[in-house]
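So for the sequence shown, our numbering puts the first residue at 13; every next one is plus one. Every residue gets a Cβ at the ideal spot worked out from N, C-alpha and C, and that includes glycine. These notes are about the structure you will find just below.
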Amino acid sequence: MSERTFKAVDALIVDKLNLSDPALEGALEASAGGGLPKIEVSPPYGRLLELLVRISSARRVLEIGTLGGYSAIWMARGLPADGRLVTIEHVPRHAEVAGDNLKRAGLAGRVEIRVGIALDVLAALEAEAGEPFDMVFIDADKSNNSAYIEWAIRLGRQGTVIVVDNIVLGGAVLDAKSVDAGIKGRQEALDILGSHPRLLATAIQTVGFKDHDGFALALVT
Ligand code: SAH
Ligand code: DHB
Ligand code: MG
């Protein structure tokens, strides 16, 4: 089956399941217009994130890697009125576009964008000793994936849901000899997901608007 088929099927799914609306489209347009890279999650994946927020009855969600706030819109929509999404982004321009997109989507009150290097912001969140996060979406620099998974456990609780994006990268994860920090980060993430005594995890490959990739889903036990 061809890449064209994968994209056409994603378009069919978006159409049949109503996975597009003016707020989401506006966010994509503003992000592209603002020169941000087109690497946000696909609409079906965004709905999956919303469903995971709802299925886990999450009230506090953490995202590492905001970009233009597209995945944040999906997750924030799954939150109850008193729920909160904290999303971390180190590029001020990305955070600015995300803030506008979330405001236009009517979600600014539910989302807090923290501008900074993720590892620093995560340490700051721990120091603030807020309530644990019920769900964590890891989607930033892949070289730090295993550190982010450790942080998700530390800032979470038993029952916290963890999603790790882009774990396959078109099969590049297979290259055991790779010296690329991003690929090594993905491999280390799979190692920790499979060996950590507190994690029950799987990993699913995906095709569609985005090329062959995948995500890991884990539960903190
Ligand atoms: N979750 C977004 C896409 C995120 S793309 C969506 O699906 O809509 C990855 C983002 O992580 C980029 O905006 C990048 O600037 C940010 N990022 C990369 N490394 C980071 C780091 N160390 N700390 C904080 N943000 C980082
Ligand atoms: C890239 C990053 C992502 O989070 C993604 O989903 C796809 C691509 C990238 O950095 O190229
Ligand atoms: Mg991603």
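{"Query": "What separation, rounded to the nearest whole angstrom, lies between the Cα atoms of residue 83 and residue 52?", "Result": "7 Å"}
{"Query": "Do the segment 186 to 204 and the segment 145 to 165 touch if we need at least three Cβ pairs shorter than 8 Å?", "Result": "yes"}
{"Query": "Per the contact definition of three or more C-beta pairs closer than 8 Å, is the segment 161 to 168 in contact with the segment 39 to 55?", "Result": "no"}
{"Query": "Where does residue 74 land, buried or exposed, given buried means 16+ other C-beta within 10 angstroms?", "Result": "buried"}
{"Query": "Compare the Cα-Cα distances from residue 172 to each of 148, 120 and 18 and report the closest residue.", "Result": "148"}
{"Query": "Are there 16 or more other CB atoms within 10 angstroms of the CB of residue 81, so buried, or fewer, so exposed?", "Result": "buried"}
{"Query": "In whole angstroms, what is the alpha-carbon distance linking residue 103 and residue 24?", "Result": "34 Å"}
{"Query": "What's the C-alpha gap between residue 56 and residue 22?", "Result": "8 Å"}
{"Query": "Here's the rule I'm using: 16 or more other beta-carbon atoms within 10 Å means buried, otherwise exposed. How should residue 122 be labelled?", "Result": "buried"}
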